[in-house]
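The sequence shown begins at 458 in this note's numbering and counts up by one. The C-beta atom is built at its ideal place from N, Cα and C for all residues, glycine as well. Note that the coordinates shown come from a computational prediction; the quantities given were computed from them, not determined experimentally. Beneath this line is the structure, given in structure tokens, with notes to follow.
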Amino acid sequence: MLKSTIRLTSAVSHPPLGYTPAATAAATAAATAITCAARAFQTSPQAAKQQNQKAYSTADVPSVSGVPHLLTDNDLSPKQLSDIIQSACLFKHQAKVLGQSSGAPLAGKTMALMFSKRSTRTRVATETAVAYLGGHAMFLGSQDIQLGVNESLLDTSKVVSSMVDGIMARVGAHSDIETLAKYSTVPIINALSDLYHPTQILADLMTLHELHTPQGQDPHTTAPTSTLKNLRLAWVGDGNNILHSLMLQLPKVGMHITMATPKGYEPNAEILKQAQKNAQFHGTDLEVYHDPKDALRNADIVVTDTWISMGQEEEKKQRLTSFAGYQLTTDLIEKSGANADWKFLHCLPRKQEEVTDDVFYSPRSHVFQEAENRKWTILACINQLLVKKGF
């Protein structure tokens, strides 16, 4: 087995012996289901009144099995990850270069977009992807459907899934999407939760694959593992859902990751343990720092995200103080020793606090190509789950 380098400069415990990502994924799913059941279905009358929620039935309703979903980054094997990236590249080539139609494999089919959080890229990407495949996208925003507020997640899942052919869910707590999937009779794709953002990382990897495909070759006929292997990605910013998904996916294509977060803003400890095991298994580096300069050293790709995510607005003053020194500038990146041809990515929306214009709008920045690729990677996922019936 190839040797992996794991350097931790924050107080993070190492995974126990015998640990496997699959076992942890199963344990996490069980734990989140229990947590969500306790929160959403066993709410006391007093707590329900405080949360503006009703006390729902605690009936033991059987879960639905055998339905394929994309809920976390652990749901994709290395081969499935590479296949999705190549499939997305092929759809993009057929539509934009060859001008071909999809053949409308989703004709007569409906996909529900259940979004409890606002969205620009994810909504536009999903609706245009479904349209390209010949289907109908039905948007259900927070004013149309309030997940777990006026109706239990269990009831919502059973009702909506009985009338549509797939669900794209953008939620707050990850336990919400786990519960929706538990009772859904149709595939669910995680469009964002507080712990993971798998479709965003697919777009990131597709973009990097396109940028590193050798001249004379086509991304849709070239294996991502050959173009991405040994690239080093540096993350500077919050230990959020984007970082979680990057940590879990990059080792599968042979990429290294170094990260710098302020103290107190490190990634989730359990997800970091999973990422450590992935890195060890695939022989890649995973390095955790608190100094941006350490993370940026020898970086091929530099990535950040907003310091203040949706729902964290009340923390803005404290976060701006905590993240002082983490703003990405050309000067910081180059003085830290990033590789000469470094590239920049950002999932958007962007604020100047985390990255300056001289980086964001420079030729090194590929953020708008990355944003467009949300469409093609989401399209590939929908095609795989709704047309081909699974990964």
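Identity of the residues DSSP links to residue i by a beta bridge
i, result
"H593", "T567"
"R627", "F572, L649"
"Y746", "A717"
"H859", "In the structure displayed, the chain extends from 458 to 848; residue 859 sits before or after that span and is not available."
"V760", "W692, L802"
"V521", "Note: V521 sits in no beta bridge, so no partner."
"V812", "L785"
"L659", "Beta-bridge pairing links L659 to no other residue."
"L527", "I646"
Residue i versus residue j - alpha carbon distance
i, j, result
"V616", "L662", "35 Å"
"C838", "K536", "14 Å"
"W799", "L789", "13 Å"
"T664", "E770", "30 Å"
"Q657", "A726", "21 Å"
"R575", "I645", "18 Å"
"Q674", "K566", "35 Å"
"S779", "Y722", "9 Å"
"N830", "N697", "21 Å"
"M571", "L547", "28 Å"
"L842", "L836", "10 Å"
"Y653", "G556", "34 Å"
"Q551", "T577", "25 Å"
"Q672", "T684", "12 Å"
"S793", "K845", "46 Å"
"D815", "P719", "23 Å"
"W833", "T678", "16 Å"
"T515", "S609", "Note on T515: pLDDT 46, under 50, position unreliable in the model; the coordinate value appears next. So the alpha carbons of these two residues sit roughly 10 Å apart."
"I602", "T613", "9 Å"
DSSP-derived helix/strand/coil call for residue i
i, result
"K832", "helix"
"L547", "helix"
"I790", "helix"
"F825", "helix"
"T670", "coil"
"L785", "strand"
"L842", "helix"
"V606", "coil"
"L533", "coil"
"D601", "coil"
"V617", "helix"
"Y818", "coil"
"A484", "Its pLDDT being 44, under 50, A484 is placed unreliably in this model, and the value from its coordinates should be taken loosely. Helix at A484."
"A797", "coil"
"D612", "helix"
"R754", "coil"
Cβ-heavy atom distance, residue i to the ligand ATP, below 7 Å
i, result
"M568", "Among the ligands in the structure shown, none appear at all, so the ligand ATP cannot be discussed."
> Taking contact to mean at least 3 C-beta pairs separated by less than 8 Å, is the stretch 823-833 in contact with the stretch 774-792?
Replying inline: no
>> My parser needs the alpha helix (DSSP H) runs of 4 or more residues fully inside the stretch 687-734; what are they?
In response: 698-706
>> Under 8 Å, with one C-beta from each stretch per pair, do the stretch 760-769 and the stretch 804-824 reach the 3-pair mark?
In response: yes
> Between the stretch 675-692 and the stretch 743-761, do at least 3 Cβ pairs fall closer than 8 Å?
Replying inline: yes
>> Taking 8 Å as the cut-off, does the stretch 556-564 touch the stretch 514-533 (at least 3 CB pairs, one atom from each stretch)?
In response: no
>> For the pair the stretch 666-681 and the stretch 623-642, tell me if three or more CB-CB distances fall below 8 Å.
In response: no
> For the 8 Å Cβ check, are there 3 or more pairs between the stretch 695-709 and the stretch 737-745?
Replying inline: yes
>> Three Cβ pairs or more, each shorter than 8 Å: is that satisfied between the stretch 633-644 and the stretch 517-524?
In response: yes
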